[in-house]
Structures are given as C-alpha cells and as structure tokens.
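Asker: In this text, residue positions in the sequence shown follow this note's numbering: the first is 941, and each later residue adds one. A virtual CB, placed ideally from N, CA and C, is assigned to each residue, including glycine.
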Amino acid sequence: MPGGSAAAGAHAGNSAQPAYARHGRHGAVRPQQGWASPSETCDMGFAGSAGAYVSPLKRFAGVVVCVLIAVLIEVFGFNLAFFTSMTYPQVGTYLVNGVSAGTEGALTLDASANYFEITGLDDIVRSIHFTPQLNDPAAAAKATDSKLQVVMYLQDEGNANYYQLPAVSVDPKDAASTYISLDPAGDCHSIYVSITNLADVGPVTVTGIGLNQQVPLDIDPLRFAYILAVLLALYAVRPQSVLFSRVFDGRITRQGWMVIALVAVQCVVIFILVMSNTHFLSITHTASTENQFQYQKLAQALLQGHFYLDDVPSAALQAMDNPYDTAARDSAGVPYLWDHAYYQGKYYVYFGVLPCLVFYVPWLLLTGTGFPTWLGVAICDCAYVAGIAYLLTRVSRRWFPRTSIGVLLVLDIMMFVAGGGLILARTPSMYFLPEAMGLALISWGLGLWVSGTTGGFIDRRRVVAGAALIALTLAARPQMVLAAVFGLVLFWPFLRDARGNAQARRACLGAFRAALTPFLVVAAAVMVYNFARFGSPLDFGANYNLTTNDMTHRGFHADRIPFGLYAYLFQPPALGSQFPFMHQTYMDPAYQGVTIYEPMFGGYFFLYPMTLVLLALPRVRHGLKAKGLMPLWICAVCVAVVLCIFDLQGAGILMRYICDFGLYFALAAALSFLELLQVRSSEPLSKGWTTQLGAHAQVPVQQAGAHAMASAAVAGQTVSVYRIALYFMFGSLVLMIGANVLLWNAFGIY
941 MPGGSAAAGA HAGNSAQPAY ARHGRHGAVR PQQGWASPSE TCDMGFAGSA
991 GAYVSPLKRF AGVVVCVLIA VLIEVFGFNL AFFTSMTYPQ VGTYLVNGVS
1041 AGTEGALTLD ASANYFEITG LDDIVRSIHF TPQLNDPAAA AKATDSKLQV
1091 VMYLQDEGNA NYYQLPAVSV DPKDAASTYI SLDPAGDCHS IYVSITNLAD
1141 VGPVTVTGIG LNQQVPLDID PLRFAYILAV LLALYAVRPQ SVLFSRVFDG
1191 RITRQGWMVI ALVAVQCVVI FILVMSNTHF LSITHTASTE NQFQYQKLAQ
1241 ALLQGHFYLD DVPSAALQAM DNPYDTAARD SAGVPYLWDH AYYQGKYYVY
1291 FGVLPCLVFY VPWLLLTGTG FPTWLGVAIC DCAYVAGIAY LLTRVSRRWF
1341 PRTSIGVLLV LDIMMFVAGG GLILARTPSM YFLPEAMGLA LISWGLGLWV
1391 SGTTGGFIDR RRVVAGAALI ALTLAARPQM VLAAVFGLVL FWPFLRDARG
1441 NAQARRACLG AFRAALTPFL VVAAAVMVYN FARFGSPLDF GANYNLTTND
1491 MTHRGFHADR IPFGLYAYLF QPPALGSQFP FMHQTYMDPA YQGVTIYEPM
1541 FGGYFFLYPM TLVLLALPRV RHGLKAKGLM PLWICAVCVA VVLCIFDLQG
1591 AGILMRYICD FGLYFALAAA LSFLELLQVR SSEPLSKGWT TQLGAHAQVP
1641 VQQAGAHAMA SAAVAGQTVS VYRIALYFMF GSLVLMIGAN VLLWNAFGIY
C-alpha cells in the first residue's frame, strides 16, 4: 500500500458489498454484476437518444451549421443597426447648445451641468450619436460600472413640449452603444440629452455629436470565436452525441486527453476573460484605488519584519471615539483608507495572508515591484479548473464507473461556472484573490481525499496532502475551512468497519491523526498571526474594516437569515428589454436593521439552473444510499447553506460570496447527475419518451417468465429516467450559459 496503512473493511463503492468483493488487489472498482462492460455500452446505440450512431458526414454538416449560425449572429445580429442605418435620411442644419453643429467643440459635462441640447431641427431623426470620455476612469470604475445613464427628451410634431424617453446605458468603451435609435412622432424639433449619473462617475467630455449617422460595421473576431466555441460545445454535448455512449475509463487514453484538452481550453479562456478587463490590468496605485493594493503593501511590511502597514492613520481618525462609525467619519471629513482594518492606531490587512506569501512576497523579492493581482486570480482560477477535473474523475472512478465521457465534460463545466469560476475571471481584483485561492485548494484537497480513501485502504500521502491544502484555506479564506467536514464523512466508514479489529482501528486512527496534523500546524500559525495583530488568536480582523458600517457592533441576528437566503438563492433575476437584458435585482428587505448588499442579479438557482437537479433527490436517494454517498450529498448541501448564512451575517449580500458556497451546491448536483446518468441496460430503446424495449428483446423476455419481465421493466424505467435526465442536463446547460453570458455583461467590472 503506497504511503499509508491498511484499514480493513473500508468503504468505497457500493457499501452493501464487502470490501473484498468490491475491489481488486490495487483498489480498482470492479464492474458490478448485471452492468454492461464499456465495450457493450459503446455499442448500445440508443435510438433517438444518447449513443445513436452519427456518420462523419452528418457530424461535419453539424459543424458547418454551427459556423453558419455564428456568422449570422455576428453579421446580422450584432450589426443589425449597420443595415438599418443605411436608410436614414440626411439631416439639415441644427444647433448644439446654441451654436452650429460641428463648431461646438468638446463639451465637458458634470453633475451641475449634465446635459446638452440640440435645437433648430425640422427633420426626420432616427438616431443620435455622441462620443463620451470619462475624465477620471479609475474613480468612475471604483464608484460604478463606468456606464453612463442617458435620459433624452424630445420635441416633435406630435408634442410641442419635451417628453421623456426611457433611460439607456452608454458604455464609453463600447462604440456601438453610443449610437442610440430614436423614433419621434413625425419630424423632430429639439433633443435634450442628460447624463444622470455624473455625480457617481465624475465629469465626462462629449465630442462627435451627430444625427442619423451611418453605424459602422463592427465585426469582432473574438466575439465571433466565443459564439462559435459555445455553439460547437453545445453541439458536441447534445443528447444525441456519441460522447454519451463512451464510458470514461479514467486512463490517459483518447478520453483522458479529452479531459486534459477541456482543462487546457478552460485555462486559455480564463486568461482571455481576465485580460479583457482592462481596468484591473492597467490599474495604478492612486488614492481612489488604495484598497486594491493592500497585498502589495502587506508584502512590504512583512519583509520589513512587522504585520501592520506603513500607512499612518490620520490624527483625526485616531482621535475618534468610534472610528468604525461610517457616518461620523464622513460627516467630520476624517481622512481614512477605505476597507483597511484599523486597530489601535495602525492599519492592517484583514484578508487572508496566504496569497501574499505565495505571490506578492516572492515577486517583490525577485523584481522589487508589486505583484499584478489579476495574474494571481487567473492562476488560481486555472488551478481550480484543474482541481475540478481531478475531483470529478476520482468521484466517477470510485462510485460511478459507468459515467460517460460526455457527462463528465458537461459536469466539469457546470462545477466551474456554478462554483463561481466565471465570476472570478470577470473581476480579477484583490477582493477575489482569496476566494480564487480557496477554491483551488478545496477542489484539489477534496480530490486527493476521495482518491486517498479509495480501494479499501487509506493512502496517507494523498490524505495528508489533501488535508494540508484544505487546512491552508484558514490562511486564505477562513470560512472555507468548513470543507474539512468532508474528511469526517470520508473517514467515518473506515472507523465504522474497523470495529472489533484492533489492528485496523489503530491504522485508521493513525491515518486520522496524520490527516489532522496539517490542520493543527496551519491553525497554530494563523492564531499566532492573529494574536500578534489583534491580541486574540481567533480574531481575524474583519470587524475592524473601515467601510460602510460598524462591524464591531454588527452581531448575529436571526432576522437577517430569511431575506439573505432569498436574495442569495431564490430571488428571480430582473430582466429587461435592453441588452444585456439582465439588471440589478431590487432589494426589499423587511429586516429592520443594518443589511449590507451590493448589486445582485438573481438568486443562485436562477443563475445556475443545472443545480436544480437537487430536486431529484427522491429519485437518486436510494442509489446514493446504496453507494454510501447520501452523507456526502447532505454534507455538501448543508455546508453550502451554512456558508451562505455565515456570509450574510458576517458581511452582507455580495455577488462574489457565491464563490464561498456555490461549489458545494454544484458538487451535490454533480452527484445527482452522475447517479441519474449511469447506464444500466445494454438494450436499445425505441424512439420517443417510451420505455418499451425493441421487438427483438420481447421474445426472450416472454420466454423467461415473470422475473425476467420485471427485470426488463426496471431496466426500461431506468433508461427512461436516464433519457429525461440527459435532456434536462442539456437544456439547463443552455440556460446556464445564456444566463451567465448576460450576467457577464451586466456585472460590469465591479
């Protein structure tokens, strides 16, 4: 046994069978009686469902159709205004703020003068165009998503007085959004354009004001590539795909390379998405971005031999009776550093120290400069992707040996997106780095635990390595250490089955103590770090942050929980008629106290509908119980709910906190899908949704008697559920991708 001691009677696979019957010499899961072999499954050929043979010509035709659809979407969908603007008539002379159009020069608008006016018109007007430029992009990004809210008023043949049009969003970085369609009643006489959120984004400079201009053709190769990639991916995992008739064997064969290729593609996409956020790639250390450079400052402090930052708090802040009272600070005009932890006259960083030790300190030593935070987020997100693939393959090989490669690939995408990986790539800021590192540690840690407890024995090397990774979350994102309870769930069957066997029990306890050691070591180091800063080993310093509320008096209040769970999990998204069609949800808490919330765009189960498979628990419960997986399923859901409550109590309702608990809902959903989509019959199905077996199978069934007929009915029913689950998985995958494309555009740069 490599690196560990044996534990007789350990649990792995179907707990209803003894270990010696379930495992080979090296712990490989043997196919259970009555299940088809991989070669048999590959030849199943479900008619009208998974496994149907598709000729190479048809597959090529499908690819061609995907390319044509992508071309149509790019040329005629995203560039529809280019074609419609060809018919716009020329507009005669008009005035802009009282001067002839074209001579007005650059207009500077701010909160006190937020408009310009076009007069002297007597023409058909179909569009208006202007080019806004933010005077302080960094400050605007810190306050909002940098988009301008534009409200226009028209005078036309049908309205002698100005009437208001609906607000539209204009992104200074998106030229297409600066062309706004208009539809006045007859000829237009005057247009009044106001930008209503300049108090938040700051002054803007407006140039290039024009009417009925030709919208330029904007063919975006990167956008086209995204669309084509999504269409090809959906085509590859459609329910009729051959991928669902190929059982994943877990080896580095063609199937193994498919998983590796998926991980590689995801990593490339992560870097592309991260680097598309030019704000955080080009962010510089200024007064308005001070909070984004805390890790760089902490690295300097650590190399100088102390834990507090070099920044000196203002005398006014130190003189305050309660420096955590936000309203008192602001009303008195007290200077302070936003979102820094302030304690006894010094500034600290309350975020986990591990990212600083892993990235910032070595980088500072090697280059003498600050580590780019976006790179750390991208690296951790890629490690998270690889960890998910490792975890899923270990789970499949141990408990679900009949998993198809198609199901494995789809669930890998689901766990990445529903676990928060896409949110991390959208906003590679300092706030997201501890969560990204925590997810990477947990995904690999859980994978090593599953692998290290497979085969009827405990592999100490893998179990201890997994324990070390999960223990390190204490130094990155402390609440994520709750993942340690999965270790208890995985260890318990070994302890249970070792009863009455002193040698096996000693081996189990020895392995358990070895796995506990990393937690003790990391916890001791973190407690020393906490004590040196805040005088208590259990004080992480989050309550001392200088932000929107006094967290030293926030407390735990049960009344916060109902609204918080609703907002995090169940609130429907706010949809509209303007791209990106998804808007911030309206927060209407009944809780009469302090509830902190930032822009949310819908509850978890609406944004990630694939996880609604959790509702299939009555169908999967018996199968999961037979495999000994019900405790793991329950543990995943409970950990997700507990972390959700912890976050809403400790900090509030923030989009990025989905990364704390989303992985566990996704893990439970993956277990449900894996149970539903295990192939249990080698007989082909007829077309449609029926469960009748083919005519060639009916004769031997009739000859075999009642027992065989009952067995055939069970097999038919099982495969029918398989088909329904497969179509649900594909449909919810399409919805999830669509929702997250909209979320990506609505979320902004945070």
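Do you know how far the Cα of residue 1360 is from the Cα of residue 1374?
Answerer: Cα to Cα, the separation comes out at about 13 Å.
Asker: Pairing CB atoms from the stretch 1380-1387 with CB atoms from the stretch 1322-1336, are three or more of them under 8 Å?
Answerer: Because the criterion of three Cβ pairs below 8 Å is met, the stretch 1380-1387 and the stretch 1322-1336 touch.
Asker: Starting from residue 1057, trace the beta strand (DSSP E) in both directions and tell me its first and last residue.
Answerer: Run containing residue 1057: 1055-1059, per the beta strand (DSSP E) assignment.
Asker: First and last residue of the alpha helix (DSSP H) that includes residue 1223?
Answerer: No alpha helix (DSSP H) contains residue 1223, which DSSP labels as neither H nor E.
Asker: Just to confirm the assignment: which complete beta strand (DSSP E) runs, minimum length 3, are found wholly within the stretch 1143-1204?
Answerer: You should have 1144-1151.
Asker: Which residue's Cα is closest to the Cα of residue 1493: 1121, 1264, 1213?
Answerer: Cα-wise, what sits closest to residue 1493 is 1264.
Asker: Contact between the stretch 1663-1672 and the stretch 1547-1556 is defined here as three or more beta-carbon pairs at a separation below 8 Å; is this criterion met?
Answerer: At 8 Å Cβ cutoff, the stretches touch.
Asker: Using only alpha-carbon positions, find the residue among 1446, 1586, 1469 that is nearest to residue 1501.
Answerer: Closest option to residue 1501, Cα to Cα, is 1586.
Asker: Taking the alpha-carbon of residue 1267 as reference, which of 1487, 1617, 1005 has the nearest alpha-carbon?
Answerer: Among 1487, 1617, 1005, the Cα nearest to that of residue 1267 is on 1487.
Asker: Take residue 1343 and list the residues in its own chain whose beta-carbon comes closer than 8 Å to its own, dropping the five residues that flank it on each side.
Answerer: Result list for residue 1343: 1187, 1188, 1336, 1614, 1617, 1618, in chain order.
Asker: I want to know whether the stretch 1028-1036 touches the stretch 1116-1127 - three or more CB-CB distances under 8 Å.
Answerer: Cβ pair count under 8 Å is below three, so no.
Asker: For the ligand COA, is there any heavy atom lying closer than 7 Å to the beta carbon of residue 1536?
Answerer: Absent from the structure shown: the ligand COA. Ligands present: none.
Asker: DSSP three-state label for residue 981, please.
Answerer: Annotation note: pLDDT 38 at residue 981 (below 50); position unreliable, coordinate value reported separately. Three-state DSSP puts residue 981 in a helix.
Asker: Which runs of the beta strand (DSSP E) fall wholly inside the stretch 1003-1076 and span at least 3 residues, in chain order?
Answerer: Within the stretch 1003-1076, the complete beta strand (DSSP E) runs of at least 3 residues are 1047-1049, 1055-1059, 1067-1074.
Asker: Where residue 1662 and residue 1612 are concerned, what is the direct C-alpha to C-alpha distance, given to the nearest angstrom?
Answerer: Distance between the alpha carbons of residue 1662 and residue 1612: 12 Å.
Asker: Look at residue 1508 and residue 1544 and say whether their C-beta atoms are less than 8 Å apart.
Answerer: Cβ distance < 8 Å, so residue 1508 and residue 1544 count as in contact.
Asker: For residue 1094, which beta-bridge partners are listed by DSSP?
Answerer: 1103, 1131, per the DSSP bridge assignment.
Asker: Secondary structure at residue 1627, three-state DSSP: helix, strand or coil?
Answerer: Any reading at residue 1627 must be qualified, since the residue scores a pLDDT of 42, below 50, and its modelled position is unreliable; no value is offered.
Asker: Report the partner residues of residue 1593 according to the DSSP bridge assignment.
Answerer: DSSP output for residue 1593 lists 1537 as bridge partner(s).
Asker: Where residue 1169 and residue 1218 are concerned, what is the direct C-alpha to C-alpha distance, given to the nearest angstrom?
Answerer: Taking the straight line from one Cα to the other gives about 23 Å.
Asker: May I ask you to report which of helix, strand or coil DSSP gives residue 1272?
Answerer: Coil, per DSSP.
Asker: Is residue 914 buried or exposed, if buried means 16 or more other CB atoms sit within 10 Å of its CB?
Answerer: The chain is shown only over 941 to 1690; residue 914 falls outside these bounds and no answer can be derived.
Asker: Going by other Cβ atoms of all chains shown within 10 Å of its Cβ, with 16 needed for buried, is residue 1058 buried or exposed?
Answerer: Buried, by the Cβ-count rule.
Asker: Check whether the Cβ atoms of residue 1419 and residue 1600 lie closer than 8 Å to each other.
Answerer: Contact: yes.
Asker: Answer yes if the stretch 1444-1461 comes into contact with the stretch 1221-1235, meaning at least three C-beta pairs across the two stretches below 8 Å, and no otherwise.
Answerer: With the cut-off at 8 Å, the stretch 1221-1235 and the stretch 1444-1461 do not touch.
Asker: Any contact of the stretch 1406-1413 with the stretch 1521-1541, i.e. 3+ C-beta pairs under 8 Å?
Answerer: Cβ pair count under 8 Å is below three, so no.
Asker: I'd like the list of long-range same chain contacts for residue 966, defined as Cβ closer than 8 Å, with 5 residues on each side in sequence excluded.
Answerer: Because residue 966 carries a pLDDT of 36, less than 50, the predicted location of this residue cannot be relied on, and the following value inherits that uncertainty. If we look at residue 966 and ignore the five residues flanking it on each side, its Cβ neighbours are 1395.
Asker: With a threshold of 7 Å on Cβ separation, who are the neighbours of residue 1414 within its own chain once the five nearest residues in sequence on each side are excluded?
Answerer: Counting only Cβ-Cβ distances below 7 Å, and skipping sequence neighbours, we find 1421, 1462, 1463, 1466.
Asker: According to DSSP, simplified to helix, strand and coil, what is residue 1397?
Answerer: It is a strand residue.
Asker: Can you tell me whether residue 1358 is buried or exposed, with buried defined as 16 or more other CB within 10 angstroms of its CB?
Answerer: Label assigned to residue 1358: buried.
Asker: Using CA atoms only, rank isn't needed, just tell me which of 1536, 1147, 1202, 1533 is closest to residue 1346.
Answerer: It is 1202 whose Cα lies nearest to the Cα of residue 1346.
Asker: How far does the alpha helix (DSSP H) with residue 1560 in it extend, from its first residue to its last?
Answerer: 1557-1566 is the extent of the alpha helix (DSSP H) around residue 1560.
Asker: If you compare alpha carbons, which of 1593, 1144, 1314 is closest to residue 1052?
Answerer: Comparing Cα positions, the closest option is 1144.
Asker: Expressed to the nearest angstrom, what Euclidean distance is found between the alpha-carbon atoms of residue 1114 and residue 1160?
Answerer: Taking the straight line joining both Cα atoms gives about 12 Å.
Asker: Would you say residue 1416 reaches chain D, if we count a Cβ-Cβ gap shorter than 8 Å as a contact?
Answerer: The structure shown contains no chain D; it holds only a single protein chain.
Asker: Would you mind sorting residue 1255 into buried or exposed? The rule is 16 or more other CB atoms within 10 Å of its CB.
Answerer: Looking at its Cβ environment, which holds fewer than 16 other Cβ atoms inside 10 Å, residue 1255 is exposed.
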